[in-house]
Each structure stands twice: as C-alpha cells, then as structure tokens.
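Beneath this line is the structure, given in structure tokens, with notes to follow.
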Amino acid sequence: MPVDLEKSNNSKVLVEIVSFIRELDKLSLKKEIGSLLLNEISLLLSPRFSSFVEKENDVLKVICQTGESDSVKNAFSNKMCLEIFDWVMNQKQLTSLKLSEKGQFVFIPILDQIKSQNIEHGILVIYIGDSGFEFSKELNTTVNIMCKLAVLSLTKSLRISDSEKYIRLQEQIKSELTLTAKLQKAVSGSEINKKMLISVLEDEGTGFNGNVWWINELSADISLVLMAEVLCKGSPSAMLSGYLLGEMNSLKSRAEISLKPQEVLKYLNQQLNPIFKSTGITVNAWYGVFNAGAKKIRFANANHPDPYIVGPEQQVSNLILSISEKGKPLGINLDSIFTESCSDISSGSKLIICTRELLEQAAKIGDRYDPTWFPQVLETIGTLSLSEMRNSLESILSENAGGTAKAAPRLALLLEIPS
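In this text, residue positions in the sequence shown follow my numbering: the first is 29, and each later residue adds one.
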C-alpha cells in the first residue's frame with residue numbers, strides 16, 4: 029500500500045523523506061542502499077552502532093554498518109544472532125527490545141513480499157544503549173517509511189541483478205552449446221566425398237536441439253551415414269549427441285558391425301538402454317551403408333522418418349524397409365529387433381534424409397499439417413544441383429517459419445551419386 033506522505037504533520041520529515049527518495053534513485057547496489065538507509069536512521073536515532081545484516085545458507089554477513097566494528101558479533105554469539113535474525117523476520121515489523129546487560133536494541137526486518145513469496149533482504153540491528161530512548165509515533169512512522177522505500181529499491185535492484193545474471197547465463201550457455209555444435213560438425217565427417225556428393229541443411233543450434241548427423245568415408249566406394257533425433261533439448265541433448273558421435277567414431281573401425289546396419293542399431297540400442305532407464309530419453313535413428321561403386325545402399329531404421337529418393341526423372345518416392353514396421357526407438361527395450369534392407373540407387377539420384385520436425389512444417393502458413401508438401405517441393409527443386417537444392421529448400425522453410433511447427437529445429441542430409 030502506498031504511503032501517504034501528506035498525512036505527516038512535520039514538514040521537516042517530508043523534506044528528509046523526499047531527499048532520501050532522490051538519493052535512492054541514484055543507487056542500485058545492495059550495499060549502497062543499505063549504507064544510505066543506515067546513515068539516515070543514524071541521524072534520527074543517534075545509535076551507538078547500526079548494522080545491515082543478511083543471511084545466506086545459515087551464515088550471517090554484515091553488509092554495512094556505522095559505529096563500532098564487528099558490532100553484531102561483539103554483542104551476540106553467532107548462534108544467538110541466527111535466532112534473533114529468524115525471530116525478527118517472523119515479526120515482520122519494527123521491534124524495540126531492552127536486553128539485560130546489553131541495553132536497548134531496535135530490530136527492523138527489511139522484507140518484501142510478492143504474492144506469497146517472501147524476499148528477505150536482511151535486518152537492521154540498531155544499538156541504542158542505555159539512554160532510555162523511546163520511539164515517538166512520528167519517528168516510528170518516518171523510520172518505517174524509509175525502510176519500506178529502501179525495500180522497494182532493494183527488490184528492484186535484485187530483479188535487475190537477476191535479469192543480468194540470466195542474460196549472462198544465457199550468453200554462456202549459447203557460447204558453450206555453439207562450440208558443442210562446431211565440435212559435433214568437426215567429428216561428424218567430411219561433407220566432401222570422392223564418389224558421393226553431400227550437402228547439409230542444418231540450424232546453427234544443431235548440437236543442442238536433438239538433431240545428429242554423422243558421415244564417414246570408409247573407403248573410396250563405401251560411406252557410412254547416421255541420422256538421429258535425440259528426444260530432448262538443451263545441454264542434455266548436446267551431451268547425448270556427443271556420446272552418440274563418440275560411439276559411431278569407435279564403430280567405424282569395426283567392420284563386423286559398421287557394415288551391417290541392423291547390428292549398428294542393435295549396438296546403439298544396448299548402449300542407450302541404461303540412459304533410457306535413468307532419464308526416459310530415447311533416440312530415433314536411421315543408419316545406412318552406401319556403396320557408390322555398386323550403386324546400392326543397405327539401411328535400417330529405428331522409428332526415424334523414411335528418407336526420400338529423387339530419381340533421375342525427378343520422380344519422388346520413399347526409401348522404406350521391406351518389412352511393414354520400423355524398429356522401436358533406441359534405448360527402450362534390449363530385446364528390440366532391427367532389420368535391414370537393400371536398395372539400388374541409380375546414378376544421378378538424390379537421397380534426402382530429414383528430421384521429423386522438418387517434415388512437420390506446413391507447406392503454407394496455417395493450422396493444419398499437409399503431409400504432401402515436402403514431396404511436392406522435392407519434385408519442384410529436384411532438377412537443381414545439390415547445393416542449389418539445399419539453398420532453395422532453406423529459403424522455402426524460412427518462408428514457412430510461421431506454419432504448424434514454429435521455429436522447429438531443422439536438419440536434412442542431401443546425398444547424390446553423380447552420373
């Protein structure tokens with residue numbers, strides 16, 4: 029409730045409060061605000077000492093003080109100080125006490141409340157001594173007004189400080205995750221292949237939005253490709269993406285596994301099972317072994333969207349398993365079964381592997397997802413070179429940013445066996 033200063037009968041008090049407000053407006057640090065408040069109260073009460081004390085993790089800290097050094101600790105034991113601090117906070121108002129052998133003290137909680145949450149800035153400990161000092165009604169009102177004004181400034185300062193900390197934290201997280209994305213790209217294999225053209229469409233934050241890609245050129249003819257969707261975001265996603273890439277880099281030298289797509293998914297499923305049991309996080313994945321010389325691809329699928337093939341005549345179809353069902357997401361069940369299929373890839377054909385979130389962006393801005401939009405787009409741009417196709421697709425997706433999946437993270441691998 030706002031304080032009506034006009035109700036004060038003392039013009040001198042009004043002048044002091046107005047001056048106090050002007051000084052408060054210049055300050056933003058807790059220590060500065062506390063020092064100003066103590067100085068003003070000291071002028072009114074002439075105490076032997078006064079301190080502004082806060083509590084953090086059950087430890088008291090003197091923010092600022094006037095008078096004798098280490099005053100609070102000299103007056104009370106640490107345990108007693110903690111008990112007094114909690115008691116004063118519970119009173120929620122100025123309290124004057126005469127303690128035997130110590131004299132008269134005034135305790136003022138510097139406390140704010142937003143909705144049901146208490147914000148404890150600290151308490152003022154004011155030692156009057158044995159002077160027999162008594163609070164008048166006017167003096168009590170003046171001190172309370174100044175304390176309430178200081179509380180408002182402290183809460184405002186706290187919010188600004190928290191906002192700045194949040195911004196700095198966001199910048200730090202963005203910097204770290206951007207570096208993670210760069211590291212992921214560095215270990216995900218080269219985008220230049222001797223017998224297979226490769227282009228990647230990805231967002232800047234691929235390393236921490238759950239989208240993972242990995243390509244390794246095992247030989248002049250053989251290339252290994254993994255596309256995965258880690259079903260979480262942020263730092264956990266970046267960590268799990270890095271873990272997946274590490275596993276793939278260890279598998280590339282194990283031909284008995286890496287050349288058999290179903291064995292790769294089986295291996296990853298086993299490795300991810302403990303993670304699923306602990307966190308509930310699963311991974312959708314597609315893995316393929318390209319033989320550019322033989323124009324063939326062997327692949328297996330664990331709940332990942334089926335890739336698209338754009339043939340030499342611009343006909344668009346899905347590359348699907350010979351069985352009707354895909355494997356389950358990786359990590360859920362150690363007994364999950366993964367099967368692989370083999371398909372011919374004609375020279376000049378393009379293979380586009382996309383994340384689910386990319387596919388679910390509507391063709392036009394609207395409320396309903398159109399499952400036919402992406403094949404239609406591929407038919408339109410299928411005659412372009414791989415790099416032009418990528419740029420065109422990125423432009424189309426940018427135009428559709430307001431569709432059903434707003435700001436959805438995007439990843440697409442575009443591969444081509446040249447004629």
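Where a beta carbon is used, it is the ideal one built from N, C-alpha and C, also for glycine. Model, not experiment: these values are computed from the prediction.
{"Check": "Do the CB positions of I61 and L182 come within less than 9 Å of each other?", "Outcome": "yes"}
{"Check": "Less than 9 Å between the beta carbons of S265 and G308, yes or no?", "Outcome": "no"}
{"Check": "To the nearest angstrom, report how far apart L73 and C175 are at their CA atoms.", "Outcome": "14 Å"}
{"Check": "Taking the alpha helix (DSSP H) that G308 falls in, what are its first and last residues?", "Outcome": "Where G308 is concerned, there is no enclosing alpha helix (DSSP H), given that its DSSP letter is neither H nor E."}
{"Check": "Given a cut-off of 9 Å, decide if A328 and Y336 are closer than it, judged by their beta-carbon atoms.", "Outcome": "no"}
{"Check": "Does the region 286 to 301 come into contact with the region 339 to 354, if we say contact requires no fewer than three beta-carbon pairs (one atom in each stretch) closer than 8 Å?", "Outcome": "no"}
{"Check": "In whole angstroms, what is the alpha-carbon distance linking Y271 and Q299?", "Outcome": "10 Å"}
{"Check": "Since K58 is in the alpha helix (DSSP H), which residue starts that stretch and which ends it?", "Outcome": "58 to 73"}
{"Check": "Helix or strand or just coil, what does DSSP make of K176?", "Outcome": "helix"}
{"Check": "Any idea if G321 is buried or exposed, counting beta-carbon neighbours within 10 angstroms, 16 or more meaning buried?", "Outcome": "exposed"}
{"Check": "Would you say the beta carbon of R50 comes nearer than 8 Å to a heavy atom of the ligand ADP?", "Outcome": "Of the ligands one can find in the structure shown there are none, so the ligand ADP has no counterpart to examine."}
{"Check": "Which two residues bound the contiguous alpha helix (DSSP H) that contains L268?", "Outcome": "262 to 279"}
{"Check": "Name the DSSP beta bridge partners of T94, please?", "Outcome": "S78"}
{"Check": "Where does T170 sit, in a helix, a strand or coil, going by DSSP?", "Outcome": "helix"}
{"Check": "Taking V81 and L88 to be in contact with their CB atoms under 8 Å, please state how far apart those CB atoms are, rounded to whole angstroms.", "Outcome": "6 Å"}
{"Check": "What span of residues does the beta strand (DSSP E) with Q145 cover, start to end?", "Outcome": "145 to 157"}
{"Check": "F113 by DSSP, collapsed to three states: which one?", "Outcome": "helix"}
{"Check": "How many angstroms separate the CA atom of V153 from the CA atom of L259?", "Outcome": "53 Å"}
{"Check": "Run the CB neighbour count on C370, radius 10 Å, all protein chains shown included, and call it buried at 16 or more, exposed below.", "Outcome": "exposed"}
{"Check": "Whose C-beta lies closer than 8 Å to the C-beta of D86 among residues of the same chain, with five residues either side of it excluded?", "Outcome": "L110"}
{"Check": "Less than 9 Å between the C-beta atoms of I138 and E148, yes or no?", "Outcome": "yes"}
{"Check": "Below 9 Å between beta carbons: does that hold for L296 and A283?", "Outcome": "no"}
{"Check": "Inspect the beta-carbon positions of T94 and F77 and report whether they are closer than 9 Å.", "Outcome": "yes"}
{"Check": "So for N301, helix, strand or coil by DSSP?", "Outcome": "helix"}
{"Check": "Does DSSP put S413 in a helix, a strand or coil?", "Outcome": "coil"}
{"Check": "Please identify the residue among K305, K126, N244 whose C-alpha is closest to the C-alpha of S278.", "Outcome": "N244"}
{"Check": "Given a cut-off of 9 Å on the beta-carbon distance, is the pair S269 and A248 in contact?", "Outcome": "no"}
{"Check": "First and last residue of the beta strand (DSSP E) that includes C138?", "Outcome": "Inspection of the sequence shows that residue 138 is occupied by Ile rather than by Cys. Where I138 is concerned, the enclosing beta strand (DSSP E) stretches over 131 to 142."}
{"Check": "If we ignore side chains and look at the alpha-carbon of each, how far apart do E44 and E68 end up?", "Outcome": "9 Å"}
{"Check": "Taking the beta carbon of I142 as the centre, do at least 16 other beta carbons fall within 10 Å, making it buried, or is it exposed?", "Outcome": "exposed"}
{"Check": "Consult DSSP for R326 and reduce its assignment to one of helix, strand or coil.", "Outcome": "strand"}
{"Check": "DSSP three-state call for V118: helix, strand or coil?", "Outcome": "Here the sequence assigns Asn to residue 118, which means Val is not the residue at that position. Of the three classes helix, strand and coil, the one that applies to N118 here is helix, per DSSP."}
{"Check": "Which residue from E368, I226, L273 puts its Cα closest to that of V240?", "Outcome": "L273"}
{"Check": "Among K120, F161, N146, which one has its Cα closest to the Cα of G131?", "Outcome": "F161"}
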